[in-house]
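Heads up: the sequence shown at position 60 corresponds to 60 in UniProt numbering, and the numbers run straight through without jumps.
All C-beta atoms, glycine included, are put in the ideal place defined by N, C-alpha and C.
Written out below as structure tokens is the structure these notes cover.
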Amino acid sequence: MVALAIPATALPKLGAMRDIGEGILPEAARGSVREIIKTVTRHALNFRKEVPLTDEQRQKVAAVLESHRGEVRVLVERGRSIREAYAEAVKTHGPDSKQTLEAAEQIGSLARDRALLFAKISGETRPLLTAEQQNRLEAARQEIGNLVDAAIAAAK
Numbered sequence: 001m002v003a004l005a006i007p008a009t010a011l012p013k014l015g016a017m018r019d020i021g022e023g024i025l026p027e028a029a030r031g032s033v034r035e036i037i038k039t040v041t042r043h044a045l046n047f048r049k050e051v052p053l054t055d056e057q058r059q060k061v062a063a064v065l066e067s068h069r070g071e072v073r074v075l076v077e078r079g080r081s082i083r084e085a086y087a088e089a090v091k092t093h094g095p096d097s098k099q100t101l102e103a104a105e106q107i108g109s110l111a112r113d114r115a116l117l118f119a120k121i122s123g124e125t126r127p128l129l130t131a132e133q134q135n136r137l138e139a140a141r142q143e144i145g146n147l148v149d150a151a152i153a154a155a156k
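Now the structure itself:
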């Protein structure tokens, strides 16, 4: 649920782009990337219709998200500074430098911390959902996962 809601504001702009990976990715992979973006956007924008929450569920989910707001904010700010440090390391020292490797490791560390926070939030929100709501979310996640797998296969 959280995974579908977070990118909702950024993805519509990406989905409208026609030149994703132009000149970099093969056409088959570019089409796959567009399909993934469209599907994620559709699920994010239609989340309330696909998985309607009761007022009580909405309040409880909001409370869980609010309780983690500070952690999310820290990760967002940390992510910004890590990405800037990485870009600067590549620009200043080159892609094969020790500084770039260290900065890339920080990106990996950030990805780990984001995944763990997402797992924590999901672990707190999933029990608030009915079995049917959980199944709908899992179906959306599976659809996106299948598209990602197909995109990876097309890029080989």
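Helix, strand or coil, according to DSSP, for residue 214 in the structure here?
Because the chain in this structure spans residues 1 to 156, residue 214 falls outside the shown range and cannot be described.
Pair every Cβ in the stretch 129–147 with every Cβ in the stretch 91–110, then say whether three or more of these pairs are closer than 8 Å.
no
Suppose the cutoff is 7 Å on Cβ atoms and the five residues either side in sequence are ignored; what does the same chain contact list for L11 look like?
Residue placement at L11 is poorly supported in this model, since its pLDDT is 43, which falls under 50; the coordinates still yield a value, given next. Excluding residues within five positions, the ones whose Cβ falls inside 7 Å are I37, V40, T41 and A44.
Which same chain residues end up closer than 7 Å to R126 when comparing Cβ atoms and leaving out the 5 residues on each side of it in sequence?
Q134
Quick one: Cα of P52 to Cα of A85, how far?
41 Å
Which of the three DSSP states is assigned to P127 in this structure?
helix
Run of the alpha helix (DSSP H) containing L65, from where it starts to where it stops
D55 to S67
On the criterion of 16 or more Cβ atoms from any shown chain inside 10 Å, does T54 qualify as buried, or is it exposed?
exposed
Using beta-carbon positions only, say whether L128 and V61 come within less than 7 Å of one another.
yes
Buried or exposed for A103, going by 16 or more other Cβ atoms inside 10 Å?
buried
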